[in-house]
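Protein chains in written order, with this note's numbering: chain L, 7 to 123; chain A, 2 to 114.
Written out below as structure tokens is the structure these notes cover.
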Amino acid sequence: AQKVTQAQTEISVVEKEDVTLDCVYETRDTTYYLFWYKQPPSGELVFLIRRNSFDEQNEISGRYSWNFQKSTSSFNFTITASQVVDSAVYFCALSETRYNYGQNFVFGPGTRLSVLP
Amino acid sequence: NAGVTQTPKFRVLKTGQSMTLLCAQDMNHEYMYWYRQDPGMGLRLIHYSVGEGTTAKGEVPDGYNVSRLKKQNFLLGLESAAPSQTSVYFCASTSPGRADTQYFGPGTRLTVL
């Protein structure tokens, strides 16, 4: 069965520090998708990125970057020069394409990031 | 487009009471989902629907019922609420061919006393 592990339950950093959130996944499929979502204190889920299993290129979007390594089944998320507004719970998620209806969308337990001023 | 909306945003129930959560989407999506979010556990799938008039069980369906009478709406019912159902409930939707990416509503915080 698929599984997503986020070993860091909580992380605290001081503003402007870089921080990396770890995500390790398990799947038997060769084709799958990985996601990161942000949940700010207001509670909504904000989609950050979707990456398919065939695209191992790292991606950078502003202060955010993602490092996907199939060899270690990891999809880590780095925030550079963190800001207080980055404080949130971040979820990594996995979706396997062999499930036709999306009913297998599996979330990790989340990492709570606190950025202190 | 409002996207995915949920009603109500907050609710407090007493044990044994019933209620219905409403999810509505205006993106003409075929597939809709109900999740619950509990601390340290991420989101878990309760029920889902692949089209009007169809529903199926997810990972944690016990104690919940659902209905999809209209394509744009997906209702989650609690017939006899229990404290274990205290949670944040999220609805999501997507379309065939894009079932790998789900669009989430803002959530409903439910407390059962």
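In this text, a Cβ means the ideal position worked out from N, Cα and C, and glycines have one as well.
Interface partners of residue i on chain A, CB under 8 Å
i: phenylalanine 97 (chain L); result: Gly43 and Leu44
i: proline 115 (chain L); result: Gly41, Met42 and Gly43
Burial state of residue i, where buried means 16 or more other Cβ atoms lie within 10 Å
i: glutamine 63 (chain L); result: exposed
i: leucine 70 (chain A); result: exposed
i: leucine 22 (chain A); result: buried
i: glutamate 16 (chain L); result: exposed
i: serine 101 (chain L); result: buried
i: leucine 77 (chain A); result: buried
i: serine 50 (chain A); result: buried
i: phenylalanine 74 (chain L); result: buried
i: leucine 114 (chain A); result: exposed
i: asparagine 5 (chain A); result: It should be pointed out that residue 5 (chain A) corresponds to valine in this sequence rather than to asparagine. Valine 5 (chain A) should be labelled buried.
i: threonine 166 (chain L); result: Since the first residue of chain L shown is 7 and the last is 123, residue 166 (chain L) is not available in this structure.
i: aspartate 92 (chain L); result: buried
i: glycine 59 (chain A); result: buried
i: phenylalanine 75 (chain A); result: buried
i: threonine 16 (chain A); result: exposed
7 Å Cβ cut-off: residues of chain A touching residue i
i: tyrosine 107 (chain L); result: Tyr32, Tyr49, Val51 and Ala100
Residues that residue i contacts on chain L, provided the C-beta gap is smaller than 7 Å
i: phenylalanine 91 (chain A); result: Leu51
Beta-carbon spacing of residue i, residue j below 8 Å
i: tryptophan 35 (chain A); j: tyrosine 104 (chain A); result: no
i: cysteine 29 (chain L); j: asparagine 82 (chain L); result: yes
i: proline 107 (chain A); j: glutamine 38 (chain A); result: no
i: proline 115 (chain L); j: methionine 33 (chain A); result: no
i: glutamine 12 (chain L); j: threonine 78 (chain L); result: no
i: alanine 99 (chain L); j: phenylalanine 41 (chain L); result: yes
i: tyrosine 43 (chain L); j: lysine 9 (chain L); result: no
i: leucine 119 (chain L); j: alanine 94 (chain L); result: yes
i: serine 19 (chain A); j: alanine 82 (chain A); result: yes
i: serine 68 (chain A); j: threonine 56 (chain A); result: yes
i: tyrosine 70 (chain L); j: arginine 56 (chain L); result: no
i: glutamate 80 (chain A); j: asparagine 66 (chain A); result: yes
i: glutamate 21 (chain L); j: proline 123 (chain L); result: yes
i: threonine 109 (chain A); j: threonine 87 (chain A); result: no
i: valine 25 (chain L); j: serine 88 (chain L); result: yes
i: valine 19 (chain L); j: valine 121 (chain L); result: yes
i: glutamine 14 (chain L); j: phenylalanine 97 (chain L); result: no
Contact set between residue i and chain L, taken where Cβ atoms lie within less than 9 Å
i: proline 107 (chain A); result: Ser48, Gly49, Glu50 and Leu51
Cross-chain neighbours of residue i in chain L, by beta carbon under 8 Å
i: glycine 59 (chain A); result: Gln109
task = Count the CB pairs spanning the region 83-99 of chain A and the region 20-40 of chain A that are closer than 8 Å, and state whether there are at least three.
result = yes
ask   = Quick one: complete beta strand (DSSP E) runs, 3+ long, within the region 58-102 of chain L?
value = 65-67, 70-75, 80-85 and 94-102
query = Taking the runs of the beta strand (DSSP E) that are 3 residues or longer, which of them lie wholly in the region 28-81 of chain A?
reply = 32-38, 44-52, 55-58, 66-68 and 74-79
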